[in-house]
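Per the working numbering, residue 2 is the first one in the sequence shown, and the count goes up by one each step. Since the structure comes first, as structure tokens, the remarks are kept for the end.
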Amino acid sequence: MAWDFSTEPEFEEKLEWIRRFRAERVEPLDLLYPDRAYHPLDDELGPVVRALKQQVRDEGLWAPHLGPELGGRGFGQVKLALINEILGQSSWAPVIFGTAAPDTGNAEIIARYGTDEQKERYLQPLLEGECFSCFSMTEPQAGADPTMFTTRAVRDDGGTSRSSEAESGGDWVITGRKFFSSNARTSKFVIVMAVTNPDVSPYKGMSMFLVPSDTPGVRIERHLGIMGEATDEGMHALIAYDGVRVPADALLGGEGQAFAIAQTRLGGGRVHHAMRVVGQSQKALDMMAERALSRETQGERLADKQLVRADLADSYAQLAQFRLFVLYTAWQIDHYQDYKRVRKDIAAIKFLTPKVLHDIVYRSMHLHGALGVSNEMPFSDMWNGAAVMAVVDGPTEVHKITVARDVLRGYEAAPGLWPTQHLPTRREWARKQLEDLL
2 MAWDFSTEPE FEEKLEWIRR FRAERVEPLD LLYPDRAYHP LDDELGPVVR
52 ALKQQVRDEG LWAPHLGPEL GGRGFGQVKL ALINEILGQS SWAPVIFGTA
102 APDTGNAEII ARYGTDEQKE RYLQPLLEGE CFSCFSMTEP QAGADPTMFT
152 TRAVRDDGGT SRSSEAESGG DWVITGRKFF SSNARTSKFV IVMAVTNPDV
202 SPYKGMSMFL VPSDTPGVRI ERHLGIMGEA TDEGMHALIA YDGVRVPADA
252 LLGGEGQAFA IAQTRLGGGR VHHAMRVVGQ SQKALDMMAE RALSRETQGE
302 RLADKQLVRA DLADSYAQLA QFRLFVLYTA WQIDHYQDYK RVRKDIAAIK
352 FLTPKVLHDI VYRSMHLHGA LGVSNEMPFS DMWNGAAVMA VVDGPTEVHK
402 ITVARDVLRG YEAAPGLWPT QHLPTRREWA RKQLEDLL
């Protein structure tokens, strides 16, 4: 069976427009305002960014991951993968195209699970690109393991707290701490995951809440950046929820649905992450090839060195295989419309993503020598990205376990003492099969 990942000519024209627009209009923002992509717009940058966003809207490409009812185009995962491959080469591009994380995932779950009032209050500003949001799930003692979460949300009638099962009305009071809450520094609201029923499985006893960032009791203990960023200047945060009181209508989806909502949020996002890494890896490969042809040492070009050629060949093959696998996974999502059916391959591309980026970026960075590890080349952020990709949306090890478990479901243990491909046993079987002819 073969798969064709080409798209109709009209969409190919859109992809070409995105390539030109990113290279000519968006990448200048990467160079002039490298640390401002996720900050509120000021008088200097606001008119520029809004004008670029409007050009994207005019092309019908704003927030392309959303359905038509929310202003998107209803593109399938293959088309979204091809778009994200292009956007992945620019840090500002996701903001300009309305595809920035965690806002994309947050918008998707509010669109799917939110009430009309929640959509008006929280979703619409996200769709308009005029605010940022935060996803507050992981905890200091637990990481991303939901079975160890301790942040609680309990019902309160204004005086007496009781379990969430006791009543269906009243405020919720959230208490606990969340670690590395994404984009907390500039978010207008937080989606926080909390235990609402500790007496059942964590997968059925947690709920999600929409909490404005300025709600009393939401306290930023400290801001966190990724390695290389200055202390207390990062975009993420360790957040303490000190008895944060929210109304009953702050609940997103039904009570106990947090885990199902989180999985809905992450499925397509992992494909998008992977294709953005394809774009970054291609950029690193392009820089490696250019360097190999440009630099001479010991009387010949780097491109003439056998080990350099080996690195180029390994990088090309690794990237080509990975890209096709990601597109195949996207095709399966479009074809089956069932994330569970594609879970194994989604998990596989997730744990392959950091390795592909790490390997290709390292080879390219190393080939550039001292210049490669300096701050005059873009390798630093790309290199950090490889480490980040290994832990976001669940650590690599968890996804490897998922893949292995799903692979094993298609097999059975050998029925006897010897493996089914044990040659002496097979030969005995073969003789019996042909005994009437021998």
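Where is the CB? At the ideal position from N, CA and C, for every residue including glycine. On a predicted model such as this, the values are computed, not experimentally measured, just so you know.
Item: P199 versus A290 - alpha carbon distance; Value: 56 Å
Item: Pair within 8 Å by beta-carbon distance, A102 and G270; Value: yes
Item: Identified DSSP bridge partners for F260; Value: Its beta-bridge partners do not exist; DSSP assigns none.
Item: V393 (DSSP reduced to helix, strand or coil); Value: coil
Item: Beta-carbon spacing of L325, S282 below 8 Å; Value: no
Item: Close-in-space but distant-in-sequence residues of the same chain around D437 (CB under 6 Å, 5 per side omitted); Value: none
Item: Nearest-angstrom Cα separation, counted from M276 out to A349; Value: 13 Å
Item: In chain order, each beta strand (DSSP E) run of at least 3 residues that lies wholly inside the stretch 199-255; Value: 207-213, 219-225 and 237-247
Item: Bridge partner(s) assigned by DSSP for S134; Value: F190
Item: Start-to-end residues for the beta strand (DSSP E) that takes in K341; Value: Neither: K341 is in no beta strand (DSSP E) and is coded neither H nor E.
Item: Spatial distance of P203 from V196 (CA atoms); Value: 7 Å
Item: 8 Å Cβ shell around L16 - same chain, five flanking residues per side excluded; Value: T8, L83, I84 and I87
Item: Coil, strand or helix - K306 by DSSP; Value: coil
Item: Pair within 8 Å by beta-carbon distance, I221 and V193; Value: no
Item: Start-to-end residues for the alpha helix (DSSP H) that takes in K179; Value: Element bounds for K179: not the alpha helix (DSSP H) but the beta strand (DSSP E), D172 to S182.
Item: Endpoints, the alpha helix (DSSP H) within which V57 is located; Value: G47 to D59
Item: Pairwise C-alpha distance: T426 and P435; Value: Sequence check: residue 435 is Leu here, not Pro. Cα-Cα distance, rounded: 15 Å.
Item: Reduced DSSP category for E129 - H, G, I as helix; E, B as strand; rest coil; Value: coil
Item: Spatial neighbours of W93 in its chain, beta-carbon cut-off 7 Å, leaving aside the 5 residues before and after; Value: V27, L30, D31 and A38
Item: Continuous alpha helix (DSSP H) assignments of at least 4 residues falling wholly in the stretch 352-430; Value: 370-373, 380-390 and 397-409
Item: Three-state secondary structure (DSSP) of R296; Value: coil
Item: Residues near E166 by beta carbon distance below 7 Å, same chain, minus five either side; Value: Because the pLDDT of E166 is 41, which lies under 50, any placement of that residue in the model is unreliable, and the question is left without a value.
Item: R1 versus F181: straight-line alpha-carbon distance, rounded; Value: No statement about residue 1 is possible, as the shown extent of the chain runs from 2 to 439 and does not include it.
Item: C-alpha distance - P420 paired with E413, whole-angstrom precision; Value: 11 Å
Item: Residue of V374, H274 and P213 minimising C-alpha distance to L358; Value: H274
Item: Through-space distance from L353 to E168, alpha-carbon basis; Value: At E168, the pLDDT of 44 sits below 50, so the modelled position is not reliable; the number obtained from the coordinates is stated separately. Those two C-alpha atoms are separated by around 46 Å.
Item: Buried/exposed call for K351, threshold 16 Cβ in 10 Å; Value: buried
Item: One or two residues paired with V155 in a DSSP bridge; Value: V174
Item: Closest Cα partner of W4 within the set M138, M366, V79 and N376; Value: V79
Item: Helix, strand or coil at A145 [DSSP, three-state]; Value: coil
Item: Where A195 sits in the DSSP three-state scheme; Value: strand
Item: Cβ separation of T152 and K179, assumed to be a contact under 8 Å, to the nearest whole Å; Value: 6 Å
Item: Anticipated Cβ contact below 8 Å, M209 with A249, distance rounded; Value: With a Cβ gap of about 14 Å, M209 and A249 do not count as contacting.
Item: Span of the alpha helix (DSSP H), counted from its first residue to its last, around Q78; Value: Q78 to L88
Item: Among E13, W63, V279 and E230, the one whose alpha carbon lies nearest that of V327; Value: V279
Item: Length of the line joining the Cα atoms of V96 and F12; Value: 21 Å
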